[in-house]
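Chains as they are written, first to last, in the numbering used here: chain B, 24 to 760; chain U, 169 to 444. The structure appears below as structure tokens.
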Amino acid sequence: MRNFKKYFILSIFLLLLQGCSKKSDDDLIIIWHNMRPEEKQVLQDQINEFMKLNPGFKVIELYKETEEMRSGFIIAAIGGQGPDLIYGPSDQIGPFEEMQIIIPLDSLFEQEYFEKFNSRALIRSNGKIWQLADKLGNHLTLVYNKKFIQTPPKTDKELIELGKQNTIDFDGDGKIDRYGLVWNYTEPYFFIPFLTGFGGWIFDENYRPTLNTLQMINALNFIKDLRDKYKIIPNEADYDIADMLFKEGKAAMIINGDWSWSSYGNAGIDYGIAPLPIIESTGLHCKPMVAPKGYSINANVKPEKIKKIKKLLEFLLSPEKQLETASKVKTFPSRKEAYDEEMFKSDEVLVNSQVQIQNGVGLPIVTEMRAIWDAMRPPYQAVLGGAILPENAAKEMQLLAERKIKEIREENEQSTFGFYFQFFLLALTVFLLFLIRKQIYAFIKNLKEDLFVYALTLPALIILLAVILYPFVYNVILSFSNMSLSKIRGWSIIGLHQYYKVFQEQQFYSVFIKTLIWTFINVFFHVTIGVALAILLNRDLPGKSIFRVLLILPWAIPQYITALTWRGMFNYEYGAINIILTKIFGLGPVEWLKSPTEAFAAAITTNIWLGFPFMMVIALGALQSIPQELYEAADIDGAKWRHKLFNITIPLIKPVMIPAIVLGVIWTFNNLNVIWLVSNAGEPSDSTHILVSYVYKAAFNFYRFGFAAAFSMIIFLILFAFNIFVMRKSKAEESVY
Amino acid sequence: MKKKYLTTILIYAVLIVVTLATIYPIINVFTISIRPNNKLFSTTLEIIPEDWTFNQYIELFANRPFLLWTWNSFIISLVVTFTGVALASTTGYALSRYKFVGKKSILFGLLTTQIFPATMLLLPMYIMLIKLQLLNSYIGIIIVYSATALPFCIWQMKGYYDTIPYSLEESARIDGCNRWQAFYIIVLPLAAPALVITALFSFMTAWSEYIVAAQILQDTDLYTLPLGIKSFQSNMSTEWGLYAAASLVVSIPVVILFVILSRWLVSGLTLGSVKG
Numbered sequence: 024m025r026n027f028k029k030y031f032i033l034s035i036f037l038l039l040l041q042g043c044s045k046k047s048d049d050d051l052i053i054i055w056h057n058m059r060p061e062e063k064q065v066l067q068d069q070i071n072e073f074m075k076l077n078p079g080f081k082v083i084e085l086y087k088e089t090e091e092m093r094s095g096f097i098i099a100a101i102g103g104q105g106p107d108l109i110y111g112p113s114d115q116i117g118p119f120e121e122m123q124i125i126i127p128l129d130s131l132f133e134q135e136y137f138e139k140f141n142s143r144a145l146i147r148s149n150g151k152i153w154q155l156a157d158k159l160g161n162h163l164t165l166v167y168n169k170k171f172i173q174t175p176p177k178t179d180k181e182l183i184e185l186g187k188q189n190t191i192d193f194d195g196d197g198k199i200d201r202y203g204l205v206w207n208y209t210e211p212y213f214f215i216p217f218l219t220g221f222g223g224w225i226f227d228e229n230y231r232p233t234l235n236t237l238q239m240i241n242a243l244n245f246i247k248d249l250r251d252k253y254k255i256i257p258n259e260a261d262y263d264i265a266d267m268l269f270k271e272g273k274a275a276m277i278i279n280g281d282w283s284w285s286s287y288g289n290a291g292i293d294y295g296i297a298p299l300p301i302i303e304s305t306g307l308h309c310k311p312m313v314a315p316k317g318y319s320i321n322a323n324v325k326p327e328k329i330k331k332i333k334k335l336l337e338f339l340l341s342p343e344k345q346l347e348t349a350s351k352v353k354t355f356p357s358r359k360e361a362y363d364e365e366m367f368k369s370d371e372v373l374v375n376s377q378v379q380i381q382n383g384v385g386l387p388i389v390t391e392m393r394a395i396w397d398a399m400r401p402p403y404q405a406v407l408g409g410a411i412l413p414e415n416a417a418k419e420m421q422l423l424a425e426r427k428i429k430e431i432r433e434e435n436e437q438s439t440f441g442f443y444f445q446f447f448l449l450a451l452t453v454f455l456l457f458l459i460r461k462q463i464y465a466f467i468k469n470l471k472e473d474l475f476v477y478a479l480t481l482p483a484l485i486i487l488l489a490v491i492l493y494p495f496v497y498n499v500i501l502s503f504s505n506m507s508l509s510k511i512r513g514w515s516i517i518g519l520h521q522y523y524k525v526f527q528e529q530q531f532y533s534v535f536i537k538t539l540i541w542t543f544i545n546v547f548f549h550v551t552i553g554v555a556l557a558i559l560l561n562r563d564l565p566g567k568s569i570f571r572v573l574l575i576l577p578w579a580i581p582q583y584i585t586a587l588t589w590r591g592m593f594n595y596e597y598g599a600i601n602i603i604l605t606k607i608f609g610l611g612p613v614e615w616l617k618s619p620t621e622a623f624a625a626a627i628t629t630n631i632w633l634g635f636p637f638m639m640v641i642a643l644g645a646l647q648s649i650p651q652e653l654y655e656a657a658d659i660d661g662a663k664w665r666h667k668l669f670n671i672t673i674p675l676i677k678p679v680m681i682p683a684i685v686l687g688v689i690w691t692f693n694n695l696n697v698i699w700l701v702s703n704a705g706e707p708s709d710s711t712h713i714l715v716s717y718v719y720k721a722a723f724n725f726y727r728f729g730f731a732a733a734f735s736m737i738i739f740l741i742l743f744a745f746n747i748f749v750m751r752k753s754k755a756e757e758s759v760y
Numbered sequence: 169m170k171k172k173y174l175t176t177i178l179i180y181a182v183l184i185v186v187t188l189a190t191i192y193p194i195i196n197v198f199t200i201s202i203r204p205n206n207k208l209f210s211t212t213l214e215i216i217p218e219d220w221t222f223n224q225y226i227e228l229f230a231n232r233p234f235l236l237w238t239w240n241s242f243i244i245s246l247v248v249t250f251t252g253v254a255l256a257s258t259t260g261y262a263l264s265r266y267k268f269v270g271k272k273s274i275l276f277g278l279l280t281t282q283i284f285p286a287t288m289l290l291l292p293m294y295i296m297l298i299k300l301q302l303l304n305s306y307i308g309i310i311i312v313y314s315a316t317a318l319p320f321c322i323w324q325m326k327g328y329y330d331t332i333p334y335s336l337e338e339s340a341r342i343d344g345c346n347r348w349q350a351f352y353i354i355v356l357p358l359a360a361p362a363l364v365i366t367a368l369f370s371f372m373t374a375w376s377e378y379i380v381a382a383q384i385l386q387d388t389d390l391y392t393l394p395l396g397i398k399s400f401q402s403n404m405s406t407e408w409g410l411y412a413a414a415s416l417v418v419s420i421p422v423v424i425l426f427v428i429l430s431r432w433l434v435s436g437l438t439l440g441s442v443k444g
């Protein structure tokens, strides 16, 4: 115990040495970006060069994953902080501009400077330039393996022909050993080129969705035919599967973007790039979206710093630096001076990349875009899953898009009502305080008398109150407000409207039921498997400690990678589960991730695997407290194992298991990670959701913060009721409380 | 006798099957870590791919600040563990032994804190930390992590204290100890097993937490392991090999901690069986 104090003090000391709060440095420029590792390395080198040339400047780049960067930046900027520069694709500008967390670049540079850039690199909105791009990219192209294909297809008919020639089952075992074409075809972004190829587009000049069109239906049918009629693409292929197949030389062609090409070279594939084909029936090119990627300035940046930022940008955006990047990682620059360079005429990849960019469409930057993606995805995946017809899918997409756009732009209702509501809330709070005034007096009196007790408990309580109470109250207030995209800063209290909306939400009840099923099945198996294993491992078995350590591993290894590994195991063609089902049990393979029930089952299975070790450990501990004599007495009385289990073991481990089970229920109910990872954020068609994942999507994909707050409160109240139920029931089991 | 053999064989069979099913995905992770070219999946089920390599592990330690992250995580987790143990042991004791105003609310409140979905808390927590200037500092993170782990730990400690008879402290007081000494010298050592669970839980909470750390820590020098590992992950260009290798390495300290602590788990808890 004396050592305890020593170590504690030592670690505090080390801690203070290590990571004290870094004061904000006025000379420090922070860039957030989402560049892939190779690009990031180039940026790092260029920044180092800049700092050498300009002593007195300090620049730091920080990588963040795209979605996280977006939500992280929003949170940081609203809080008055955040990086000075944010680098990412152009479509993040829409929301940022609306939330007023970035400032335009028009004041930084002269008109002549802007004219040196490819016009697509200047991201304009409402007459101002919000982002200056140094690359045009993210465009999908056709990538082909030169070992199998010498001349890439120019039209869709040629594509199908080449695909058929290259979809081969070498050893006649019924499994395709090489596919003609693979790609992440279940993701809308990867579907867009075919939509444009058939003459369709996602919205009109006023950004109203135009998804229910004949062109959409034709494009949907085309994709279906590729798989079902011509059979040149795999039954199930997400991004990683397609990528892997091409890298292993098991696919002749892949459709993928510029970020991926060099990785194929690294994997030893002799690859070639070609523009996406022309659809013969329309005569149109398949046009992918092209996204400029560039820098925007945080609205919180102090004016004095702007000059420094300008210098840095001039350096990074110069033709020399852009060419450097282009030659190293095959990106496409935005400075017109760069286009005269030799490499754009001789490097096969860059030449074809340029052609594709010219044949591409700019990625829309408006906020509605997000609604379009989320509206397209579920019906699109349902069509591919065979659940609905293309005609109905197109209708669905249109309806969903219109609804979601309305939700993002939810208007401020009855502000006068909100005014009165505020008074009501205030009065309610005062009234509640008045009700418990007796307790408050008693508390103060008691405090003076029994200081020791309170000294024991207060430190913990203060921390808990501070960390939990403030966010909780904030959330309660938000739930009565209309905080959303258009009202990030100027939000106001509007009453119970958000709660009303939650219950009106179509999917609320089905998602709620799903959550209950999810929780019940998971906890049931966690406990039964955990307790059963603990009982087995409690015996005198040589080698049991090895089993114990191995069985702990699902808990010890980071959830992220194991959940994704499980997702891989559920793949239709290559996953271990189906292979075991077919080879060992002789059953048919199951399309796990494409059907709602099966996908849900997959997520549950993964979570059971992740969760039983915890219960096993608790049960092991609980079992230790049962005296052996009880079992021996039972043996003498001739009890069978059933009697011993139900009359001795289970009752006596209850006191320790019940708290763990209650917590298990709560944690499982709120477990966002596993659902999100195994089903890839709700696939198929947004049907694999539990309440928390639904809230997460609402909050961070649609910026409906007020709505999400109300939703969170409802989840809270549900579990709160559960708590009360548990507390009442276990009043009998006084040993716990 | 024969029946006993049969039962034992049956038990081993069950254990082996379950263990194999349990570690199969983990073996998969290992396969990903020795497979070159960042392939998350594979068409074959083979465990050791033909072109296996330990390069990712070397890359991890040589070219990435993996050791720095480990050190950072270690410091944070250690302090959280100590704070957790210190605060949970005292608070749990008070809740076990004394009746006082607010006791019921505190007990209930502890349970309630577990309910909040993380989504609810992110934005306000961020704003609060900014106002307190605790952003990008370890103090902020430690406070949040302690708050996360405390409720469960306090509950555990209290439950365990309840099984230790009060007569021990009574005799200590008679012998002249004051209340603190009775607690610190007599009772606390007996609660060692529960302290162990508390320590383990607090450590795990801090060691593997991602969301809060991502929001608070902005300086790459301050990154903890989860943040560092996440940086290998990119929207469509994840360095799976590195990611898998790092995940396995990261679990080793946890497993070691388990092995060490499971000793205490067994012997200590028997002390609690003073039932009537």
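Even glycine gets a Cβ: it sits at the ideal position worked out from N, Cα and C.
Beyond the five residues adjoining it in sequence on each side, U:Leu174 comes within less than 7 Å, by CB distance, of no other residue in the same chain. Runs of beta strand (DSSP E) with 3 or more residues, each lying fully within the segment 480 to 531 of chain B, are absent.
Rounded to whole angstroms, the Cβ separation of B:Ala579 and U:Val422 is 4 Å, and the two are in contact under 8 Å. The alpha-carbon of U:Ala360 is positioned some 34 Å away from that of U:Leu385. Note: B:Gly295 is bridge-paired with B:Tyr167 in the DSSP secondary-structure output. U:Glu218 does not reach chain B, its nearest Cβ partner there being about 11 Å away, counting only Cβ pairs nearer than 9 Å. DSSP places B:Asp157 in the strand class (E or B) of the three-state scheme.
Rounded to the nearest whole angstrom, the C-alpha separation of B:Phe748 and B:Gln582 is 31 Å. When DSSP states are grouped into helix, strand and coil, B:His308 belongs to the strand group.
Counting only Cβ-Cβ distances below 9 Å, U:Phe276 has contacts in chain B at Asn746, Ile747 and Met750, in chain order.
Counting only runs of 4+ residues, the alpha helix (DSSP H) found wholly inside the segment 273 to 304 of chain U occupies 286 to 299, in chain order. Cβ neighbours of B:Asn244 within its own chain (closer than 6 Å, five residues either side excluded): Pro413.
Spanning the alpha carbons of B:Pro298 and B:Glu596 requires a straight line of approximately 29 Å.
Using a Cβ-Cβ distance cut-off of 8 Å, the segment 269 to 289 of chain B and the segment 229 to 246 of chain B are not in contact, since fewer than three pairs of beta carbons, one from each stretch, lie closer than that value. Annotation: B:Glu371 is outside any beta strand (DSSP E); the continuous alpha helix (DSSP H) that includes it extends over Glu371 to Gln381. U:Tyr329 counts as buried, since no fewer than 16 other beta carbons sit within 10 angstroms of its beta carbon. The beta-carbon of B:Glu91 is placed less than 8 Å from the nearest beta-carbon of chain U. Looking at B:Leu76, B:Asn630, B:Phe119 and B:Asn724, the one whose alpha-carbon comes closest to that of B:Ile320 is B:Phe119. By alpha-carbon distance to B:Ser735, the top candidate from B:Ile689, B:Val715, B:Leu587 and B:Tyr726 is B:Val715.
The closest CA to that of B:Lys567, considering only U:Ser399, U:Lys172 and U:Tyr180, is found on U:Tyr180. In the DSSP assignment, B:Leu145 falls within the beta strand (DSSP E) that extends over Leu145 to Ser148. The segment 190 to 249 of chain B is shown to contain whole beta strand (DSSP E) runs of 3 or more residues at 202 to 206, in chain order.
Neighbours of U:Trp323 in chain B, taken as residues at a C-beta separation under 7 Å, are given in chain order as Pro682.
In this structure, DSSP gives B:Thr178 an extended state, which the three-state scheme calls strand.
Here the segment 387 to 395 of chain B lies against the segment 100 to 116 of chain B, with 3 or more beta-carbon pairs under 8 Å apart. Identification of chain B residues near U:Tyr173 by a Cβ-Cβ cut-off of 8 Å yields none; the smallest Cβ-Cβ distance measures about 13 Å. Using a Cβ-Cβ distance cut-off of 8 Å, the segment 245 to 257 of chain B and the segment 189 to 206 of chain B are in contact, since at least three pairs of beta carbons, one from each stretch, lie closer than that value. A Cβ-Cβ distance of about 6 Å is found for the pair U:Thr190 and B:Pro577, placing them in contact under the 8 Å criterion. Across the structure, B:Ala242 and B:Glu181 are spaced so that their CA atoms are roughly 17 Å apart.
DSSP places B:Val718 in no beta strand (DSSP E) but in the uninterrupted alpha helix (DSSP H) bounded by Leu714 to Phe725. Look at the beta carbons and you see the segment 508 to 528 of chain B touching the segment 719 to 736 of chain B: at least three pairs across the two are nearer than 8 Å.
Distance from the CA of B:Ile101 to the CA of B:Gln123, rounded to the nearest whole angstrom, comes to 9 Å.
DSSP lists B:Pro112 and B:Lys158 as the bridge partner or partners of B:Lys316. Identification of residues in the segment 496 to 517 of chain B having a C-beta nearer than 7 Å to some C-beta of chain U yields Tyr497 and Asn498, given in sequence order. Contacts between B:Ile431 and chain U, judged by CB atoms closer than 9 Å, are missing: the closest CB pair is about 18 Å apart.
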